[in-house]
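Engineer: The opening position of the sequence shown corresponds to residue 1 in full-length UniProt numbering, with each subsequent residue numbered one higher. Idealized CB from N, CA, C, for every residue including glycine.
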Amino acid sequence: MSSEQPQKVLSTAVTEKLQDGQVVTIRPMDRSDIELEREFLTSLSPDARRFRFHGGIGKPTQKLLEQLTDIDHEQREAFIAVIPKDAGEKEIGASRYALDPDGKAAECAVVVGDEWQQHGLGILLISRLIESARARGIERLYSIEAADNHILNEIARKWGWECHSDPKDPTQVIYSLDLTGA
(Lines of atoms letter the chains of each structure in order from A and count residues from 1; the text may use other names and numbers.)
(Lines give C-alpha, C1' and ligand atoms only; values in the text may rest on other atoms or scores of the structure.)
Protein backbone atom coordinates (compact mmCIF):
# COMPACT_ATOMS: atom_id res chain seq x y z
CA MET A 1 0.00 0.00 0.00
CA SER A 2 1.33 3.42 -0.84
CA SER A 3 1.57 6.12 1.79
CA GLU A 4 -1.04 8.07 -0.17
CA GLN A 5 -3.83 5.54 0.41
CA PRO A 6 -4.61 6.19 4.10
CA GLN A 7 -4.91 9.93 3.50
CA LYS A 8 -7.11 9.35 0.45
CA VAL A 9 -9.42 7.07 2.47
CA LEU A 10 -9.69 9.69 5.18
CA SER A 11 -10.25 12.75 3.07
CA THR A 12 -12.88 11.67 0.57
CA ALA A 13 -16.64 11.81 0.86
CA VAL A 14 -18.63 8.91 -0.55
CA THR A 15 -22.24 8.81 -1.64
CA GLU A 16 -24.17 5.67 -0.72
CA LYS A 17 -27.72 4.43 -1.12
CA LEU A 18 -29.63 3.00 1.83
CA GLN A 19 -31.90 -0.03 1.50
CA ASP A 20 -34.91 2.25 1.01
CA GLY A 21 -33.19 4.20 -1.79
CA GLN A 22 -32.32 7.29 0.31
CA VAL A 23 -28.97 8.74 -0.78
CA VAL A 24 -26.55 9.67 2.01
CA THR A 25 -23.08 11.15 2.06
CA ILE A 26 -20.47 9.69 4.41
CA ARG A 27 -17.50 11.96 4.96
CA PRO A 28 -14.82 12.66 7.54
CA MET A 29 -16.06 14.61 10.56
CA ASP A 30 -14.33 17.83 11.62
CA ARG A 31 -14.72 20.73 14.03
CA SER A 32 -17.14 22.54 11.75
CA ASP A 33 -19.66 19.72 12.37
CA ILE A 34 -20.21 20.69 16.02
CA GLU A 35 -23.75 22.04 15.47
CA LEU A 36 -24.73 19.02 13.36
CA GLU A 37 -23.46 16.79 16.17
CA ARG A 38 -25.37 18.81 18.79
CA GLU A 39 -28.65 18.51 16.86
CA PHE A 40 -28.05 14.81 16.16
CA LEU A 41 -27.26 13.79 19.73
CA THR A 42 -30.14 15.86 21.09
CA SER A 43 -32.53 14.11 18.68
CA LEU A 44 -31.54 10.59 19.78
CA SER A 45 -33.97 8.65 21.95
CA PRO A 46 -32.98 8.06 25.58
CA ASP A 47 -32.19 4.40 24.76
CA ALA A 48 -29.99 5.36 21.80
CA ARG A 49 -28.08 7.86 23.97
CA ARG A 50 -27.75 5.26 26.76
CA PHE A 51 -26.37 2.64 24.37
CA ARG A 52 -23.96 5.14 22.77
CA PHE A 53 -22.67 6.74 25.96
CA HIS A 54 -23.05 3.87 28.46
CA GLY A 55 -25.46 5.85 30.56
CA GLY A 56 -28.08 8.49 30.37
CA ILE A 57 -27.01 11.84 29.06
CA GLY A 58 -29.46 14.60 28.46
CA LYS A 59 -28.37 17.58 26.48
CA PRO A 60 -24.77 17.13 25.29
CA THR A 61 -22.32 19.54 26.89
CA GLN A 62 -20.13 21.88 24.87
CA LYS A 63 -17.08 20.01 26.16
CA LEU A 64 -18.45 16.66 24.93
CA LEU A 65 -19.31 18.13 21.53
CA GLU A 66 -15.81 19.61 21.20
CA GLN A 67 -14.26 16.23 22.08
CA LEU A 68 -16.44 14.42 19.55
CA THR A 69 -15.67 16.83 16.70
CA ASP A 70 -11.98 17.54 17.43
CA ILE A 71 -10.69 14.77 15.18
CA ASP A 72 -6.99 14.64 14.31
CA HIS A 73 -7.48 11.89 11.68
CA GLU A 74 -4.37 10.18 13.06
CA GLN A 75 -5.05 8.94 16.60
CA ARG A 76 -8.80 9.54 16.29
CA GLU A 77 -11.00 9.14 13.23
CA ALA A 78 -14.69 9.83 12.72
CA PHE A 79 -17.11 9.70 9.83
CA ILE A 80 -20.46 11.45 9.65
CA ALA A 81 -23.46 10.41 7.55
CA VAL A 82 -25.49 13.34 6.28
CA ILE A 83 -28.47 14.04 4.05
CA PRO A 84 -29.39 17.38 2.46
CA LYS A 85 -31.59 19.62 4.60
CA ASP A 86 -32.77 23.08 3.62
CA ALA A 87 -29.60 24.99 2.74
CA GLY A 88 -27.30 22.60 4.61
CA GLU A 89 -27.01 19.09 5.97
CA LYS A 90 -28.60 16.90 8.63
CA GLU A 91 -26.53 14.31 10.48
CA ILE A 92 -28.18 10.89 10.62
CA GLY A 93 -25.29 8.77 11.93
CA ALA A 94 -21.62 8.66 12.84
CA SER A 95 -18.80 6.18 13.34
CA ARG A 96 -15.49 6.72 15.06
CA TYR A 97 -12.43 5.09 16.53
CA ALA A 98 -9.61 6.07 18.86
CA LEU A 99 -6.25 4.30 18.72
CA ASP A 100 -4.92 2.50 21.76
CA PRO A 101 -1.45 3.65 22.89
CA ASP A 102 0.20 0.69 21.13
CA GLY A 103 -1.31 1.74 17.78
CA LYS A 104 -2.41 -1.83 17.00
CA ALA A 105 -6.01 -1.69 18.21
CA ALA A 106 -8.70 0.96 18.34
CA GLU A 107 -11.92 1.32 20.28
CA CYS A 108 -14.81 2.14 17.98
CA ALA A 109 -18.41 3.27 18.15
CA VAL A 110 -21.28 3.69 15.72
CA VAL A 111 -24.53 5.53 16.33
CA VAL A 112 -27.45 5.79 13.93
CA GLY A 113 -30.41 8.11 14.40
CA ASP A 114 -33.51 6.28 15.59
CA GLU A 115 -35.53 6.85 12.40
CA TRP A 116 -32.58 5.72 10.26
CA GLN A 117 -32.00 2.38 11.98
CA GLN A 118 -32.59 -0.85 10.04
CA HIS A 119 -31.92 0.83 6.68
CA GLY A 120 -28.31 -0.36 6.31
CA LEU A 121 -26.69 2.88 7.50
CA GLY A 122 -24.86 1.27 10.44
CA ILE A 123 -23.22 -1.25 8.13
CA LEU A 124 -22.12 1.52 5.75
CA LEU A 125 -20.65 3.52 8.64
CA ILE A 126 -18.77 0.59 10.19
CA SER A 127 -17.54 -0.49 6.74
CA ARG A 128 -16.06 2.97 6.18
CA LEU A 129 -14.43 2.80 9.61
CA ILE A 130 -12.97 -0.65 8.90
CA GLU A 131 -11.64 0.57 5.54
CA SER A 132 -9.90 3.47 7.26
CA ALA A 133 -8.51 1.32 10.07
CA ARG A 134 -7.12 -1.26 7.64
CA ALA A 135 -5.51 1.48 5.54
CA ARG A 136 -3.71 2.68 8.69
CA GLY A 137 -2.51 -0.81 9.59
CA ILE A 138 -4.72 -1.15 12.67
CA GLU A 139 -4.95 -4.84 13.54
CA ARG A 140 -8.11 -4.93 15.64
CA LEU A 141 -11.23 -2.88 16.30
CA TYR A 142 -13.20 -3.37 19.49
CA SER A 143 -16.27 -1.88 21.08
CA ILE A 144 -17.53 -1.99 24.66
CA GLU A 145 -21.32 -2.11 24.69
CA ALA A 146 -24.30 -2.62 26.97
CA ALA A 147 -25.07 -6.32 27.32
CA ASP A 148 -28.79 -5.58 26.86
CA ASN A 149 -28.29 -4.06 23.39
CA HIS A 150 -29.72 -7.17 21.72
CA ILE A 151 -30.07 -5.63 18.25
CA LEU A 152 -26.36 -4.77 18.17
CA ASN A 153 -25.49 -8.24 19.44
CA GLU A 154 -27.36 -9.83 16.53
CA ILE A 155 -25.80 -7.49 13.96
CA ALA A 156 -22.26 -7.82 15.33
CA ARG A 157 -22.34 -11.61 15.33
CA LYS A 158 -23.84 -11.66 11.82
CA TRP A 159 -20.93 -9.56 10.55
CA GLY A 160 -18.22 -11.68 12.19
CA TRP A 161 -17.42 -9.73 15.35
CA GLU A 162 -16.43 -11.85 18.33
CA CYS A 163 -18.37 -11.20 21.53
CA HIS A 164 -17.14 -11.71 25.09
CA SER A 165 -18.45 -10.66 28.48
CA ASP A 166 -16.55 -7.73 29.97
CA PRO A 167 -14.62 -9.26 32.92
CA LYS A 168 -14.69 -5.87 34.69
CA ASP A 169 -18.42 -5.21 34.28
CA PRO A 170 -21.12 -7.87 33.81
CA THR A 171 -23.51 -5.28 32.33
CA GLN A 172 -21.19 -4.87 29.33
CA VAL A 173 -19.87 -6.98 26.46
CA ILE A 174 -16.81 -6.47 24.30
CA TYR A 175 -17.05 -6.93 20.55
CA SER A 176 -13.82 -7.45 18.63
CA LEU A 177 -12.95 -7.69 14.93
CA ASP A 178 -9.58 -8.91 13.68
CA LEU A 179 -8.54 -6.76 10.69
CA THR A 180 -5.44 -8.75 9.74
CA GLY A 181 -7.30 -11.58 7.99
CA ALA A 182 -8.45 -11.65 4.40
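How far does the beta strand (DSSP E) with residue 90 in it extend, from its first residue to its last?
Structural biologist: The residue labelled residue 90 in the question sits at position 90 within the sequence shown. Segment 88-99, the beta strand (DSSP E) holding residue 90.
Engineer: Hey, would you say the C-beta of residue 65 is under 7 Å away from at least one heavy atom of the ligand MG?
Structural biologist: With respect to the ligand MG, the structure shown offers nothing to examine, as it has no ligands at all.
Engineer: Measure the C-alpha to C-alpha separation of residue 80 and residue 27 and round it to an integer number of angstroms.
Structural biologist: Residue mapping note: residue 80 aligns to position 80 of the sequence shown, counting from 1. Residue mapping note: residue 27 aligns to position 27 of the sequence shown, counting from 1. Each residue's alpha carbon lies about 6 Å from the other.
Engineer: Quick one, which of 85, 64, 74, 92 has its alpha-carbon nearest residue 99's?
Structural biologist: Here the question's residue 99 lines up with position 99 in the sequence shown. When only C-alpha atoms are compared, the closest one is 74.
Engineer: Does DSSP put residue 156 in a helix, in a strand, or in coil?
Structural biologist: Start at 1 with the first residue of the sequence shown, and residue 156 comes out as number 156. Collapsing the DSSP output to three states places residue 156 in a helix.
Engineer: Residue 62: which of 38, 71, 101 sits nearest, CA to CA?
Structural biologist: Residue mapping note: residue 62 aligns to position 62 of the sequence shown, counting from 1. When each option's Cα is compared against that of residue 62, the closest is 38.
Engineer: CA-CA distance, residue 34 and residue 71?
Structural biologist: As a first step, residue 34 must be located in the sequence shown, where it is residue number 34. As a first step, residue 71 must be located in the sequence shown, where it is residue number 71. When rounded, the distance between both Cα atoms is 11 Å.
Engineer: Given a cut-off of 8 Å on the beta-carbon distance, is the pair residue 174 and residue 164 in contact?
Structural biologist: Locating residue 174 in the sequence shown gives position 174, counting from the first residue. Locating residue 164 in the sequence shown gives position 164, counting from the first residue. Taking 8 Å as the Cβ cut-off, residue 174 and residue 164 qualify as a contacting pair.
Engineer: Return the first residue and the last residue of the beta strand (DSSP E) that residue 146 is part of.
Structural biologist: Taking the sequence shown and counting its residues from 1, the one referred to as residue 146 is at position 146. 140-146 is the extent of the beta strand (DSSP E) around residue 146.
Engineer: Count the other CB atoms within 10 Å of the CB of residue 60; is the residue buried (16 or more) or exposed (fewer)?
Structural biologist: Locating residue 60 in the sequence shown gives position 60, where the first residue counts as 1. Counting Cβ neighbours within 10 Å, residue 60 comes out buried, since at least 16 surround it.
Engineer: What do you get for residue 14, buried or exposed, if any count of 16 or more other CB atoms within 10 angstroms of its CB means buried?
Structural biologist: Within the sequence shown, numbered from 1, the residue matching residue 14 stands at position 14. Burial call: exposed.
Engineer: Short check: CB of residue 132 to CB of residue 77, under 8 Å?
Structural biologist: As a working note, residue 132 is residue 132 in the sequence shown. As a working note, residue 77 is residue 77 in the sequence shown. The answer is yes: Cβ separation under 8 Å.
Engineer: Helix, strand or coil: which one does DSSP assign to residue 175?
Structural biologist: Taking the sequence shown and counting its residues from 1, one reaches residue 175 at position 175. DSSP, reduced to helix, strand and coil, places residue 175 within a strand of the structure shown.
Engineer: Which same chain residues, not among the five before or five after residue 41, have their C-beta less than 6 Å away from its C-beta?
Structural biologist: For this step, residue 41 is matched to residue 41 along the sequence shown. 60.
Engineer: Where do the N-terminal and C-terminal ends of the beta strand (DSSP E) with residue 17 fall, by residue?
Structural biologist: Within the sequence shown, numbered from 1, the residue matching residue 17 stands at position 17. Unbroken beta strand (DSSP E) run through residue 17: 14-17.
Engineer: Let's see if you can read the secondary structure: which residues bound the alpha helix (DSSP H) around residue 134?
Structural biologist: As a first step, residue 134 must be located in the sequence shown, where it is residue number 134. For residue 134, the uninterrupted alpha helix (DSSP H) run begins and ends at 121-136, by DSSP.
Engineer: Buried or exposed: where does residue 181 fall if 16 or more other Cβ atoms within 10 Å of its Cβ makes it buried?
Structural biologist: In the sequence shown, the residue the question calls residue 181 occupies position 181. The residue in question, residue 181, is exposed, as its Cβ has fewer than 16 Cβ neighbours within 10 Å.
Engineer: Can you tell me which of the three DSSP states residue 46 falls into?
Structural biologist: Start at 1 with the first residue of the sequence shown, and residue 46 comes out as number 46. DSSP places residue 46 in helix when its eight states are reduced to three.
Engineer: Let's see if you can read the secondary structure: which residues bound the beta strand (DSSP E) around residue 25?
Structural biologist: What you label residue 25 is simply residue 25 of the sequence shown in a count that begins at 1. Residues 23-28.
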